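Take a look at the structure below.
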Amino acid sequence: MTTDTQRQSTDQDQTEYDVLVVGGGAAGLSAAIFTARFGLETGVFACGRSAISRCAHLENYLGFPGGIDPPTFLELGREQATHEGATVHAELVTAIEKPADWFRVETIDGTVATARYVIAATVIDGDYLESLDPALYDEDDHAVDCDDRGRTAVDGLYVAGRLADATHQAIICAGDGAETAHALVTDVLRERGYWDEIASQYTDWVVRERPDDDWKPRVESWIRETVPEGTAISEDRIQWVIDDVLARFEARSVPDSERRERVQRGRELVIGHLEP
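Residues in the sequence shown are numbered consecutively from 6, following the numbering used here.
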């Protein structure tokens, strides 16, 4: 990403991220994978009472015929988040504040982290939100008021999974985490200069390398057709969006040799967690 990357501040044990995800279950890890793959420096605080640990055996999650035990499921999720560039911390968040444009997050171990965006994705423990706004979290309701994509009334704060009132099923909460992360990404793209129709079309989709550049004029034509009528969008801005979209498409295009390497690496990572 072109913004500030993860940095150590002058305060001891303080770290700065673009996005901080609070919660290391299906919703939180899914969201972290999505934002990290977009290029946002992503941190995850994953330590607390995990709702999925109450499940004896997870049997309705796509991709695991016969089911999978919850500890291994979470290990795989943390492995994937780390593999995609997120930093996972085994620390419990106790408070979130927003003194200015950035959020300040504190943990029970004394760590302080700051981020432009926060995705709250815990199931059981949401008390840390009270320091941000006492009316934000209702302990009895276990949900935060948000729109259908996880945006809250607090600028930069998103919620996912049970906090967004998603159905209490791991596979549904994982999808909700990805949906919330996609909303965050589209908001970032709007801030950078994308207009709504292009920002909302962002996809994380790896494709096989194309043998030629015939597709580029079609993409450019499509982008120009979406420029809102009656708006004063400059040609420089339009061209920047075109170049940025093309660069993202190319970054997700892989030759067959690399595709095979990724397939093999993915299998090895999964097998490493499934071997007794």
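Every residue, glycine too, gets a C-beta built ideally from N, C-alpha and C.
Bear in mind the structure is a predicted one, so any value in this text is a computation, not a measurement.
Point to revise | Exposure label - E266; buried when at least 16 CB within 10 Å | key: E266 should be labelled exposed.
Check your understanding: When DSSP labels each residue in this structure, what does Y142 get in the three-state scheme?
Key -> The answer is coil: DSSP assigns Y142 none of H, G, I, E or B.
Review point. Tell me which same chain residues have a C-beta within less than 6 angstroms of the C-beta of G28, skipping the five on either side of it?
Key: These residues qualify, in order along the chain: A126 and T127.
Practice item. Label E184 either buried or exposed according to how many other C-beta atoms from any shown protein chain fall within 10 Å of its C-beta, with 16 as the threshold for buried. Key: The residue is buried, with at least 16 neighbouring Cβ atoms inside 10 Å.
Review point. Taking Cβ positions, are A86 and A41 nearer each other than 8 angstroms?
Key: For the pair A86 and A41, the CB atoms are nearer than the 8 angstroms cut-off.
Practice item. Note down, in chain order, each residue of its chain lying with its Cβ closer than 6 angstroms to the Cβ of L81, except the 5 sequence neighbours on either side. Key: For L81, the CB contacts under 6 angstroms within the same chain, skipping 5 residues up- and downstream, are H278 in chain order.
Practice item. Express the C-alpha separation of D114 and V268 in angstroms, rounding to a whole number. Key: Rounded to the nearest whole angstrom, the CA to CA distance from V268 to D114 is 38 angstroms.
**Study point:** Residue environment, D9, which counts as buried when at least 16 other CB atoms sit within 10 Å
**Key:** For D9, the predicted model reports a pLDDT of 36, less than 50, meaning its position is unreliable; a value from the coordinates is still stated below. With fewer than 16 Cβ atoms within 10 Å of its Cβ, D9 is classed as exposed.
Point to revise | Buried or exposed by the 16-neighbour rule on C-beta atoms within 10 Å, applied to E21 | key: By the Cβ-count criterion, E21 is buried, with 16 or more other Cβ atoms from all chains shown falling within 10 Å of its own Cβ.
Review point. Going by C-alpha distance, which of I124, F78, Y133 and R83 is nearest L97?
Key: Ranking the options by Cα distance to L97, first place goes to Y133.
Practice item. Go ahead and label G271 buried or exposed: buried means 16 or more other beta carbons lie within 10 angstroms of its beta carbon, across all protein chains shown. Key: Exposed: under 16 other Cβ atoms inside 10 Å.
Check your understanding: Can the beta-carbon of C60 be found closer than 8 angstroms to that of P75?
Key -> Yes, the Cβ-Cβ distance between C60 and P75 is below 8 angstroms.
Check your understanding: How many angstroms separate the CA atom of H48 from the CA atom of R83?
Key -> A quick correction: the sequence has Gly, not His, at residue 48. Using only the alpha carbons, I get a separation of about 11 angstroms.
Practice item. Kindly examine the ligand COA and report whether one of its heavy atoms sits closer than 7 angstroms to the Cβ of Y199. Key: Inclusion of the ligand COA in the displayed structure is not the case, the ligand content being empty and no account of it being possible.
**Study point:** DSSP state of T77 mapped onto helix, strand, coil
**Key:** Three-state result, T77: helix.
Practice item. Rounded to whole angstroms, what's the CA-CA distance from L162 to S136? Just pull it up for me. Key: Rounded to the nearest angstrom, the two C-alpha atoms are 13 angstroms apart.
Check your understanding: CB W245 to CB G182, shorter than 8 angstroms?
Key -> No.
Check your understanding: From P104 to T116, what does the alpha carbon distance come to, in whole angstroms?
Key -> Taken atom to atom, the span from the alpha-carbon of P104 to that of T116 is near 17 angstroms.
Exercise for review: Leaving out five residues on either side along the sequence, give the residues of the same chain with a beta carbon under 7 angstroms from the beta carbon of H62.
Suggested key: Within the same chain, H62 has close Cβ partners G72 and D74.
Check your understanding: What is the DSSP secondary structure of L25, counted as helix, strand or coil?
Key -> L25 falls in the strand class under three-state DSSP.
Exercise for review: Compare the C-alpha of G180 against each of L25, V24, F39 and E273 and name the closest.
Suggested key: Out of L25, V24, F39 and E273, F39 has the C-alpha closest to the C-alpha of G180.
Review point. Quick one: Cα of A120 to Cα of A31, how far?
Key: Rounded to whole angstroms, the gap between the alpha carbons of A120 and A31 is 21 angstroms.
Practice item. May I ask which residues mark the beginning and end of the alpha helix (DSSP H) holding T157? Key: Per DSSP, T157 belongs to no alpha helix (DSSP H) and is neither H nor E.
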